[in-house]
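Those sequence lines, one after another, are chains A and B.
Here the first sequence is numbered in my numbering, starting from 41 and rising by one per residue.
Here the second sequence is numbered in my numbering, starting from 430 and rising by one per residue.
Ideal Cβ positions, reconstructed from N, Cα and C, are used throughout, including at glycine.
Computed from a predicted structure; not experimentally measured.
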Amino acid sequence: MTPNTPGSPQELADALAGVGYLADEGLATAGYLALRLGRPLFLEGEAGVGKTAFARALADASGAHFVRLQCYEGLDAAQALYDWDFPRQILHLRTVEAAALATGDRPDSAALEASLYDRRFLIARPLLQALERSPCVLLVDEIDRADDEFEAFLLEVLSESAITIPELGRIAAQHPPLTVLTSNRTREVHDALKRRCLYHWVEHPSFEREVEILRTRLPEITERLAADVARATRRIRELDLIKTPGVAESLDWASALAALGAQTLDPDLAAATLGAVLKYREDAERTLAKLDSVIAAA
Amino acid sequence: MDTTEMLTGFARTLRHAGVDATPDRVQAMLAAADVLGLTEQEKAYWAGRLTLCAQPDDLPVYDAAFAAYFGGEVPRRPRVTAVVATGATVAVHADGGGTGHGQDTTVGLVASPVEVLRQRDVSLLSALERDEVRRLLALLAPGTAARTTRRFRPARSGAVDPPRTVRQMLRQGGEASRLARRRRRDKPRRLVLLLDVSGSMAPYADALLRFGHAAVRRRPTLTEVFTLGTRMTRVTRALRHRDPDAALTAAGEAIPDWHGGTRLAESLKAFLDRWGQRGTARGAVVVLCSDGWERGDPAALGAQVARLSRLAYKLVWVNPHRGKPGYAPLVGGMAAALPYLDEFVAGHSLAALEQLVEVISRA
Chain A
41 MTPNTPGSPQ ELADALAGVG YLADEGLATA GYLALRLGRP LFLEGEAGVG KTAFARALAD
101 ASGAHFVRLQ CYEGLDAAQA LYDWDFPRQI LHLRTVEAAA LATGDRPDSA ALEASLYDRR
161 FLIARPLLQA LERSPCVLLV DEIDRADDEF EAFLLEVLSE SAITIPELGR IAAQHPPLTV
221 LTSNRTREVH DALKRRCLYH WVEHPSFERE VEILRTRLPE ITERLAADVA RATRRIRELD
281 LIKTPGVAES LDWASALAAL GAQTLDPDLA AATLGAVLKY REDAERTLAK LDSVIAAA
Chain B
430 MDTTEMLTGF ARTLRHAGVD ATPDRVQAML AAADVLGLTE QEKAYWAGRL TLCAQPDDLP
490 VYDAAFAAYF GGEVPRRPRV TAVVATGATV AVHADGGGTG HGQDTTVGLV ASPVEVLRQR
550 DVSLLSALER DEVRRLLALL APGTAARTTR RFRPARSGAV DPPRTVRQML RQGGEASRLA
610 RRRRRDKPRR LVLLLDVSGS MAPYADALLR FGHAAVRRRP TLTEVFTLGT RMTRVTRALR
670 HRDPDAALTA AGEAIPDWHG GTRLAESLKA FLDRWGQRGT ARGAVVVLCS DGWERGDPAA
730 LGAQVARLSR LAYKLVWVNP HRGKPGYAPL VGGMAAALPY LDEFVAGHSL AALEQLVEVI
790 SRA
């Protein structure tokens with residue numbers, strides 16, 4: 041638990057709003073419980089609903105460090121936990137040898153070995169960084185992209201909040217990091233990992249909240265434009281597309297329109313900027329066919 | 430009734446409704462309820478939902494169970510509409526259809542009974558023969574070919590492995606004696622089986638699900654099995670049972686649209702939207718088992734198959750009718766899908782399924 045833990049889900053929501061993230065009740069409760077119970081938070085939801093942004097906002101709101109580990113296939117301990125800085129170790133060895141040669145004394149082998157495996161030759165990768173910097177929010181992004189081998193040692197680090205480095209000993213976190221895991225469900229994450237987590241499915245925001253989000257993140261756009269974009273995005277989401285746009289896309293769209301100096305959304309502008317929201321040709325065609333009803337006023 | 434009793438009672442209700450609310454999850458719920466303070470129903474809702482649920486499919490069940498439990502209704506288990514028909518669906522013909530093997534009488538003198546059985550259409554077997562075929566099906570081990578991954582393994586030859594080389598140097602006082610080498614590790618591709626369980630495929634569904642079971646048993650983490658019909662159902666978990674019959678019963682309980690109509694394009698789209706596009710089908714060997722009967726617009730099926738073929742590494746269509754003499758893929762849906770397939774195979778008999786194993790492993 042970090043020193044400034046909020047006293048209720050509402051307090052956490054207020055703190056998040058202070059750094060520009062508007063969380064709904066479910067997400068705020070999830071974040072609050074993760075802080076209070078010291079459990080990792082497992083977030084799933086459509087792409088672009090703000091899972092990654094939530095972790096960052098959580099760090100900003102609580103004044104904690106933020107460490108992100110982007111998962112990919114083949115991610116291993118040397119890239120996620122720690123690695124020894126071999127070139128520097130060799131250099132150190134040579135320097136000691138050269139010095140010994142110059143002065144004529146034999147270097148003490150035990151001391152030499154100890155100095156080789158010193159903390160300064162250890163490169164901290166994200167998981168170790170998260171343990172060393174307290175308080176910290178650790179984001180393990182897209183865990184489903186990593187393979188099962190990685191899950192196994194992530195589990196070990198999460199349940200112990202410590203790692204053991206054979207040459208150096210155990211490194212434990214002062215405060216266990218608040219861990220947020222996100223997944224896009226490209227494969228089933230192992231039950232053993234899920235069991236330790238709180239689970240939350242992040243939904244698209246309601247119309248009012250999306251307008252609020254647009255206004256908060258993009259202060260330069262007009263109230264009218266924010267409402268137009270939120271309404272149109274909402275209708276596009278109902279169109280049965282290959283990739284439904286998330287909040288990330290409506291933000292992109294609104295800032296694209298703002299860059300063109302738009303005050304409101306009209307059919308020509310919408311057609312010209314549709315590429316900010318829809319990334320599939322089939323989706324764009326389908327939307328263009330129904331453009332009038334998509335951007336019609338409420 | 431005190432709070433703990435009330436909440437554990439709710440967890441029991443939820444478990445009954447089909448959500449896997451294990452004891453440690455219930456512990457977590459009690460801790461969450463304690464932290465939140467159950468001053469209002471909303472708090473109890475979130476305390477339970479965040480701790481007891483583990484996947485999106487749990488959420489509607491949870492909502493219904495919550496409403497029932499805290500709304501004073503009697504909770505009911507969702508009705509299972511279908512159970513696996515373990516025998517009744519297979520048309521029994523004592524020595525009915527040869528499948529282009531009408532001359533078996535002469536061949537039969539030299540060929541073993543197993544060899545004859547291998548060639549028989551699985552929809553035309555007697556009960557005894559079916560048991561034998563099922564036993565042989567369980568012995569199949571479909572596995573995909575390997576591809577190189579980003580992970581390395583130590584090797585005798587190959588590129589120099591800097592970390593291992595330097596670690597050895599350090600061990601020998603900084604002397605570089607030997608270069609350690611490494612190669613990329615191989616890993617089999619994911620195998621995705623999409624099985625049509627609609628009425629028209631009923632005679633083959635049992636054999637295909639058993640094939641799916643054999644595939645899941647071979648590589649549990651790299652195989653996914655879905656059934657298509659009027660809707661899409663993931664049966665991978667159910668098929669992880671060691672025993673084929675238990676696995677099939679579990680799968681049958683999971684499939685709500687067993688032997689129903691076909692809405693192939695729609696259920697295929699559901700698969701692509703929920704699983705395929707996100708990564709399950711990406712770079713995978715996808716095997717679609719269906720007769721291609723599509724009630725809806727064939728063009729819609731064509732569009733979904735095209736989408737699938739762009740995601741998959743290799744797309745194999747298994748159509749039991751293909752093994753019948755004189756069959757041509759002229760049915761609307763099949764014709765629309767044909768241009769996007771990498772392989773088009775039969776899969777109506779044991780021998781044809783063995784050939785499918787071959788096709789899969791070549792991919």
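Chain A within 7 Å of residue i, Cβ atoms only
i: Ala584/B; result: no
i: Val503/B; result: Any reading at Val503/B must be qualified, since the residue scores a pLDDT of 44, below 50, and its modelled position is unreliable; no value is offered.
i: Trp722/B; result: no
i: Gly603/B; result: yes
i: Tyr769/B; result: no
i: Ala699/B; result: no
i: Ala460/B; result: yes
i: Trp475/B; result: yes
Closer than 7 Å to chain B by CB, residue i
i: Arg76/A; result: yes
i: Gly265/A; result: Looking at the sequence shown, residue 265/A is not Gly but Leu. So no, Leu265/A is outside the interface.
i: Thr42/A; result: At Thr42/A, the pLDDT of 47 sits below 50, so the modelled position is not reliable and the matter cannot be decided from this model.
i: Glu113/A; result: yes
i: Pro46/A; result: no
i: Thr69/A; result: yes
i: Thr327/A; result: no
Sheet register partners of residue i (DSSP bridge)
i: Asp672/B; result: Asp672/B is not bridged to any residue.
i: Leu624/B; result: Thr656/B, Cys718/B
i: Glu469/B; result: Paired residue(s): none; Glu469/B is not in a bridge.
i: Ser778/B; result: Asp550/B
i: Ser223/A; result: Glu84/A
i: Ala575/B; result: Pro617/B
Neighbouring residues, chain A, relative to residue i (Cβ below 9 Å)
i: Val464/B; result: Tyr72, Leu73, Arg76, Leu77
i: Pro592/B; result: Ala118, Asp123, Trp124, Phe126
i: Thr709/B; result: Arg225, Thr226, Arg227
Cross-chain neighbours of residue i in chain A, by beta carbon under 7 Å
i: Ala483/B; result: Lys234, Tyr239
i: Val595/B; result: Phe126, Ile130
i: Asp453/B; result: Arg235
i: Leu488/B; result: Trp241
i: Thr650/B; result: Asp188
i: Thr480/B; result: Leu238
Option nearest residue i by Cα separation, candidates the options
i: Gly762/B; options: Arg549/B, Gln456/B, Ala732/B; result: Ala732/B
i: Ala460/B; options: Arg321/A, Leu67/A, Phe161/A, Arg76/A; result: Arg76/A
i: Val714/B; options: Arg739/B, Ala609/B, Trp475/B; result: Arg739/B
i: Ala710/B; options: Pro592/B, Lys743/B, Ala584/B; result: Lys743/B
i: Arg580/B; options: Asp615/B, Ala588/B, Arg563/B; result: Asp615/B
i: Leu309/A; options: Leu171/A, Arg326/A, Leu331/A, Glu289/A; result: Leu331/A
i: Ala424/B; options: Ala765/B, Ala493/B, Gln597/B, Leu566/B; result: There is no way to answer for residue 424/B, as the model of chain B reaches only from 430 to 792.
i: His777/B; options: Asp720/B, Val455/B, Ala735/B, Arg441/B; result: Asp720/B
i: Thr432/B; options: Asp453/B, Met458/B, Ala450/B, Leu443/B; result: Met458/B
i: Ala104/A; options: Ala142/A, Ser174/A, Gly58/A; result: Ser174/A
i: Thr577/B; options: Arg441/B, Gly712/B, Arg736/B; result: Gly712/B
i: Gln169/A; options: Arg275/A, Ala70/A, Val107/A, Trp241/A; result: Val107/A
Under 8 Å from the C-beta of residue i: neighbouring residues of chain A
i: Arg579/B; result: Tyr112, Glu113, Gly114
i: Gln706/B; result: Ile282, Lys283
Partner residues on chain B for residue i, Cβ-Cβ distance less than 9 Å
i: Glu289/A; result: What Glu289/A touches in chain B: nothing, since even the nearest Cβ is about 16 Å away.
i: Leu133/A; result: Met598, Leu599, Gly602, Gly603
i: Leu156/A; result: Leu599
i: Glu84/A; result: Gln484, Pro485
Partners in chain B for residue i, counting only beta-carbon separations shorter than 7 Å
i: Gly66/A; result: Trp475
Assess contact between the region 749 to 759 of chain B and the region 644 to 659 of chain B, defined as three or more Cβ pairs (one per stretch) separated by less than 8 Å. Is contact present? The region 749 to 759 of chain B is not in contact with the region 644 to 659 of chain B.
Report yes or no: do three or more beta-carbon pairs, one from the region 682 to 699 of chain B and one from the region 206 to 226 of chain A, lie closer than 8 Å? The region 682 to 699 of chain B makes no contact with the region 206 to 226 of chain A, as fewer than three CB pairs between them are under 8 Å.
Tell me, please, whether the region 108 to 116 of chain A touches the region 182 to 202 of chain A by the rule of three or more beta-carbon pairs shorter than 8 Å. Three or more pairs of CB atoms, one per stretch, sit closer than 8 Å, so the region 108 to 116 of chain A contacts the region 182 to 202 of chain A.
Using 8 Å as the cut-off, can you tell me whether the region 615 to 627 of chain B makes contact with the region 569 to 585 of chain B, which would need three or more C-beta pairs spanning the two stretches below that distance? In short, these stretches touch, since the Cβ pair count reaches three.
Would you say the region 290 to 307 of chain A touches the region 264 to 275 of chain A, given that touching needs at least three Cβ pairs under 8 Å? The region 290 to 307 of chain A makes contact with the region 264 to 275 of chain A; the number of CB pairs closer than 8 Å reaches 3 or more.
I want to know whether the region 457 to 475 of chain B touches the region 430 to 439 of chain B - three or more CB-CB distances under 8 Å. The region 457 to 475 of chain B is in contact with the region 430 to 439 of chain B.
Does the region 482 to 502 of chain B come close enough to the region 242 to 261 of chain A that 3 or more CB-CB pairs lie under 8 Å? Flag = no, the region 242 to 261 of chain A and the region 482 to 502 of chain B do not touch.
Between the region 585 to 595 of chain B and the region 543 to 559 of chain B, do three or more beta carbon pairs fall short of 8 Å? Of all C-beta pairs linking the region 585 to 595 of chain B to the region 543 to 559 of chain B, fewer than three are shorter than 8 Å, placing the two stretches out of contact.
Using a Cβ distance threshold of 8 Å, determine whether the region 200 to 214 of chain A contacts the region 228 to 237 of chain A, with at least three qualifying pairs required. Short answer: they don't touch.
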